[in-house]
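Comments concern the structure below.
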Amino acid sequence: MRDNMMNLNDQPGVVLQRKLLFFLALSAGLGVANVYYLQPALQLIQVEFGAPSEQIGLIPTLTQIGYAAGMLFLAPLGDILPRRNMIFIKSLLLAFTLVLAGYSNNLYMLCFIGIAIGLLSSVGQDFVPIAAQLSPETTRGHIVGIVTTGILTGILLSRTLSGVISDALGWRAMQLIAAAFMLMVAIIARNSLPYLPPVNKSTQYSFLMKSLWSLLCKHRSLKLAIITQALLASTLGAFWSTLAMVIAAPPYNETATIAGTFGIAGAAGAIGATVFGKFADAKGPILAIRTGCILVALSFLGMWILSGSLIILAIGAMVFDLGVMAALVSHQYMINSIDPQARSRLNGLLMAGAMCGMAVGAAAGSFAWAHFEWVGICMFCIISSVLGLVFSLFHHNHGAYRHV
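Position in the sequence shown (first residue = 1) + 121 = this note's numbering.
Following this line, the structure appears as structure tokens:
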């Protein structure tokens, strides 16, 4: 951004100010963070409810499935409804659902509410199409990258915040604090977001859903982006959903607070990935996607070979989050250039695929930890990232992404 505000490509007469961009990134992060607040506290929940590891793994798995469903069935509404109103309503409902989670009295109730939390946490992704709509084409990759970095930073720092609060006040307190965050987002969004008329106001919801399949069939690059990002996202699910149990076991024997602080390392990697948004603007995103896949594979190889050190684990978390984020920013840059009239649907498809990957990764990570421990988790993540690299090789050269 050269000045304090940018003239917009899609909305003439509207400007994107720095403070609005900051709000978009912050709110996106707070919205999606709700999917992950319980993960550092899984060990505490397991002790309270007396459930085995594989059952506790249902919490992140079902929450991420709910999030994927939200991206498929709720996020596309942004193409036919005013996004400001949609964000306001979803944020209020999410705040109410988080309060219910804070008062759950058994594992099954928490799992059921987790699905609803995931469904409504898709509100975080509703800010990405707004950023794309309010930015000129020449800097769209950079702007979308900032908001996407807000999402990843929120995801990762949510674990740090949750770890500290869960140890000090209990995991239920974190859910109530998260509800207060979302109430704040709802109020500010209602009063600060510009009114952007829906691009397909007359389109019916049933047609919108049918068009998802049409978009998938029409755009080969979209299919490849979804598959590649899902494979990389599965490593996030496997690593972060099991970290609390890994940290609590020998040779570490640490608390939820320590598990949560790993979010700082991951957030550092996510923030570092903002450079890939600028790179996508200048050169196209394919090289960044392939680099991301390689970083993920190498980080888990290093954490496997040099296991037993918290420092190595923290460095690995930073590097592999950098890799996943680099690919995500680049994929979002690409899909927002496919069809300006379908940005919410395109982003919904990409993120639904990613969250399905995370859900599979969370389930696979729990299984790997229960049966093969840390080696099993690392092997799963290495295989997933290498497969992601293979699929990324089917993309055309980087110029092909400019006008998909």
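All C-beta atoms, glycine included, are put in the ideal place defined by N, C-alpha and C.
So, for residue i: in the same chain, excluding its five sequence neighbours on each side, which residues have a beta-carbon less than 7 angstroms away from its beta-carbon?
i, result
"T274", "G150, A388, A391, I392"
"L336", "L343, A463, R466, L467, L470"
"L364", "A380, F383"
"M207", "L198, G199, D247"
"V268", "L145, A146, A149, F248, V249, A252"
"S487", "S174, E175, G178, S362, T363"
"L422", "I503"
"Y316", "P203, R205"
"A103", "In this structure the chain extends from 122 to 525, so residue 103 is not present and cannot be described."
"P133", "Below a pLDDT of 50, predicted positions are generally treated as unreliable, and P133, at 46, falls in that range; the measurement from the model is reported next regardless. Taken in chain order, the list of residues that qualify is empty."
"Q164", "A365, M366, A369, A377"
"E221", "Inspection of the sequence shows that residue 221 is occupied by Leu rather than by Glu. Excluding residues within five positions, the ones whose Cβ falls inside 7 angstroms are I234."
"L514", "none"
Cα-Cα, which of the options is closest to residue i?
i, options, result
"T382", "M330, S420, M439, L416", "M439"
"E169", "G291, S362, A448, P318", "G291"
"I276", "V153, Q296, V220", "V153"
"T412", "G437, I436, S420, G444", "G444"
"T260", "V396, I368, A301, G235", "V396"
"L449", "I410, V249, I503", "I410"
"F512", "I348, I186, R205", "I348"
"Y224", "S332, L282, L422, R293", "R293"
"R280", "A162, S212, A190", "A162"
"I415", "S242, M446, A301, N374", "M446"
"W495", "A222, L510, N226, M366", "M366"
"A299", "Q167, L431, S212", "S212"
"G245", "Q296, Q350, S506, T270", "T270"
"G478", "F493, C499, S505, K331", "S505"
"S256", "F501, M476, S458, V507", "S458"
"R242", "S430, F302, L329, K404", "With the sequence shown as reference, residue 242 is identified as Ser, and Arg is not the correct amino acid for it. Nearest of S430, F302, L329, K404 to S242, Cα basis: F302."
"W425", "M295, C499, V220, L221", "C499"
"S430", "L297, Q325, I368, Q164", "I368"
"H263", "A370, I433, K404, F400", "F400"
"I166", "L278, Q254, S283", "S283"
"Q453", "Y373, S428, Q325, I272", "I272"
"A90", "W490, L408, N226", "Since the first residue shown for the chain is 122 and the last is 525, residue 90 is missing from the structure and cannot be characterised."
"A403", "M230, L231, E258", "E258"
Excluding the 5 residues preceding and the 5 following residue i in the sequence, name in chain order all residues of the same chain whose CB lies nearer than 8 angstroms to its CB.
i, result
"S313", "L141, F144"
"R311", "R205, F209"
"G520", "Since pLDDT at G520 reaches only 42, below the 50 mark, its modelled position is unreliable, and no value is offered."
Please confirm whether any heavy atom of the ligand SAM lies closer than 8 angstroms to the CB of residue i.
i, result
"L159", "Questions concerning the ligand SAM fall outside what the structure shown contains, since it holds no ligand whatsoever."
CB-CB under 6 angstroms to residue i, same chain, minus the five flanking residues each way: which ones, in chain order?
i, result
"N128", "Note that N128 scores 42 on pLDDT, short of 50, meaning its location in the model is unreliable; the coordinates nonetheless yield the value given after this. Taken in chain order, the list of residues that qualify is empty."
"M122", "Because M122 sits at a pLDDT of 39, beneath the cut-off of 50, its placement in the model cannot be relied upon, and the point is left open."
"N518", "Note on N518: pLDDT 48, under 50, position unreliable in the model; no value is reported."
"G235", "I180, L183, T184"
"G187", "I236, G239, L240"
"F441", "V417, S420"
"L228", "F170, A172"
"G509", "T349, L352, L353, C414"
"L202", "P319"
"E375", "I368"
"A473", "A189, M192, L193"
"T324", "I201"
"F501", "A359, A485, A489"
Can a CB atom of chain C be found closer than 9 angstroms to the CB of residue i?
i, result
"A403", "Any reference to chain C falls outside this structure, which holds one protein chain only."
Exercise. Assess, as a yes-or-no matter, whether the stretch 354 to 363 is touched by the stretch 477 to 491 under the definition of 3 or more beta carbon pairs within less than 8 angstroms.
Key: yes
Quiz prompt | Three or more C-beta pairs below 8 angstroms linking the stretch 269 to 289 and the stretch 153 to 172 | solution = yes
Quiz prompt | At least three beta-carbon pairs within less than 8 angstroms, the stretch 188 to 199 to the stretch 466 to 474 | solution = yes
Exercise. Determine contact between the stretch 209 to 222 and the stretch 293 to 307, defined as no fewer than three beta-carbon pairs at a distance below 8 angstroms.
Key: yes
Self-check item: 4 or more residues per run - each alpha helix (DSSP H) lying fully within the stretch 412 to 496
Solution: 431 to 456
Quiz prompt | Length-filtered (4 minimum) alpha helix (DSSP H) runs lying within the stretch 150 to 215 | solution = 163 to 170, 174 to 177, 179 to 194
Quiz prompt | alpha helix (DSSP H) runs wholly inside the stretch 364 to 405, at least 4 long, in chain order | solution = 377 to 393, 396 to 404
Self-check item: Those runs of the alpha helix (DSSP H) which lie wholly inside the stretch 241 to 301 and span at least 4 residues
Solution: 248 to 254, 261 to 290
Exercise. Entirely within the stretch 335 to 360 and at least 3 residues each: give me those beta strand (DSSP E) ranges in chain order.
Key: none
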